[in-house]
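Numbering (the working numbering), first residue to last: 504 to 558. Right, one structure below, let's go through it.
Put into structure tokens, the structure is as follows:
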């Protein structure tokens, strides 16, 4: 999966995770973020989720 490749590349460059702002109505992107593993946090602010994904 592309996201796994991005995480592997970022990790090789010393990056420890990604941050994203996802509209609450974007169910497909929210599902994708939830599949990223156990180290994912969601914080809802208005109509946006602030998501942090660590690897």
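All residues carry an ideal CB built from backbone N, CA and C; glycine is no exception. Computed from a prediction, not measured in an experiment: that's the story for all the values here.
Next on the checklist: Using the Cβ count rule (16 or more neighbours within 10 Å means buried), how would you classify residue 511?
Outcome noted: One-based indexing of the chain shown puts residue 511 at position 8. Exposed, because fewer than 16 other Cβ atoms sit within 10 Å of the Cβ of residue 511.
Checklist entry - Got a sec, what are the start and stop residues for the alpha helix (DSSP H) residue 514 sits in? => result Working through the chain shown from its first residue, we reach residue 514 at position 11. Its alpha helix (DSSP H) spans residues 505 to 515.
Item to check | Proximity to residue 526 [Cα-Cα], best of 536, 519, 518 | outcome: The residue labelled residue 526 in the question sits at position 23 within the chain shown. Considering only alpha carbons, the answer is 536.
Next on the checklist: Between 547, 543, 548, which has its C-alpha nearest residue 555's C-alpha?
Outcome noted: Taking the first residue of the chain shown as position 1, residue 555 is located at position 52. Taking only the C-alpha atoms, the option nearest residue 555 is 543.
Checklist entry - How close, in whole Å, do the beta carbons of residue 520 and residue 557 come, if the pair is a contact with beta carbons under 8 angstroms? => result Here residue 520 corresponds to residue number 17 of the chain shown, with the count starting at 1. Here residue 557 corresponds to residue number 54 of the chain shown, with the count starting at 1. Sure, about 4 angstroms apart at Cβ, within 8 angstroms.
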